[in-house]
DNA sequence: GGTATCGTCAACCATCCGGTTGAATATGCC
DNA sequence: GGCATATTCAACCGGATGGTTGACGATACC
């Protein structure tokens with residue numbers, strides 16, 4: 017039924033994977049570069065990336081011998097929509113949030 | 017660190033638990049009543065409720081011999097905030113996001 | 001062709017998860 | 001006291017998870 021939502025929430029339930037997602041927020045990355053800041057093996061990171069891919073949170077595109085990882089925001093958006101379905105919170109203005117991020121990024125620039 | 021978020025997302029990653037949460041949206045319920053529509057044992061539901069409680073998504077209040085379960089929306093809100101601002105672990109961004117939310121709320125007010 | 005780099009596969013391990021069943025602990029009722 | 005109801009505990013099971021290591025298949029470079 018809602019196995020997609022299962023996969024998304026399960027994928028988000030791990031700090032390593034959340035950190036990977038936030039790294040990909042900056043830019044697309046190769047698998048080796050994703051693994052670099054972590055203290056675990058490359059194989060472990062590769063598994064985490066597979067879980068994120070299965071959940072639809074990222075996509076992987078192999079060009080040459082390097083595999084590029086790209087954030088896919090839609091799956092995460094689905095999770096947010098489910099939470100909002102509770103009606104407990106004001107609906108989130110995604111466009112406003114995008115503008116917020118943009119402003120922050122500009123503010124941080126030298 | 018971020019074990020709280022771990023627990024929230026892990027708790028949300030199960031359809032039974034999500035269904036329980038949506039049931040509790042209606043009203044507080046006793047454990048037995050929560051278990052009634054499910055086809056699994058009462059003990060299994062009791063475990064699910066323990067997981068939801070540990071994640072802070074519900075609270076349980078024993079009055080007499082019946083234990084009442086109540087939805088606690090704050091934990092879910094934390095998850096939403098992370099998703100919306102994912103990658104904003106740095107306090108600076110979190111504060112900025114709080115201000116952003118505040119601004120949005122003021123903007124929306126009549 | 002030979003070699004280094006990128007990434008996954010396979011096997012293994014410890015631990016957790018979601019479920020069961022049966023016994024145990026409260027509490028309420030007569 | 002004695003019995004029924006509400007809920008958890010304890011032990012168990014099969015399967016998933018998160019990690020390791022070592023071998024392997026591709027691709028790039030000289």
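Chains as they are written, first to last, in my numbering: chain A, 17 to 126; chain B, 17 to 126.
In this text, a Cβ means the ideal position worked out from N, Cα and C, and glycines have one as well.
No experiment lies behind these values; they were computed from the predicted model shown.
Residue interval of the alpha helix (DSSP H) (run including residue i)
i: residue 65(B); result: 58-70
i: residue 26(A); result: 19-28
Beta strand (DSSP E) segment containing residue i, residue limits
i: residue 81(B); result: Premise fails: residue 81(B) is in no beta strand (DSSP E) and is neither H nor E.
Chain B contact residues for residue i, given Cβ-Cβ distances below 7 Å
i: residue 25(A); result: 25, 28 and 29
i: residue 95(A); result: 99
Beta-bridge partners of residue i, as assigned by DSSP
i: residue 45(A); result: 85(A)
i: residue 76(B); result: 85(B)
Contacts of residue i in chain A (Cβ-Cβ under 8 Å)
i: residue 74(B); result: Result: empty, since nearest Cβ-Cβ is about 13 Å, beyond 8 Å.
i: residue 22(B); result: 29, 30 and 31
Residue i versus the options, residue with shortest Cα-Cα distance
i: residue 21(B); options: 41(B), 68(B), 43(B) and 48(B); result: 68(B)
i: residue 81(B); options: 46(B), 94(B), 37(B) and 31(B); result: 46(B)
i: residue 43(A); options: 89(A), 96(A) and 95(A); result: 89(A)
i: residue 19(B); options: 72(B), 66(B) and 58(B); result: 72(B)
i: residue 32(A); options: 99(A), 84(A) and 60(A); result: 60(A)
i: residue 83(B); options: 62(B), 28(B) and 56(B); result: 62(B)
i: residue 25(B); options: 57(B), 70(B) and 58(B); result: 70(B)
i: residue 101(B); options: 29(A), 78(A), 101(A) and 38(A); result: 38(A)
Cβ-heavy atom distance, residue i to the ligand FMN, below 7 Å
i: residue 41(A); result: Absence of the ligand FMN is noted for the structure shown, with no ligands found whatsoever.
Legend entry - Contact between the region 48-68 of chain B and the region 92-99 of chain B (3+ Cβ pairs under 8 Å): As far as the Cβ criterion goes, the region 48-68 of chain B does not touch the region 92-99 of chain B, which means the pair count is below three.
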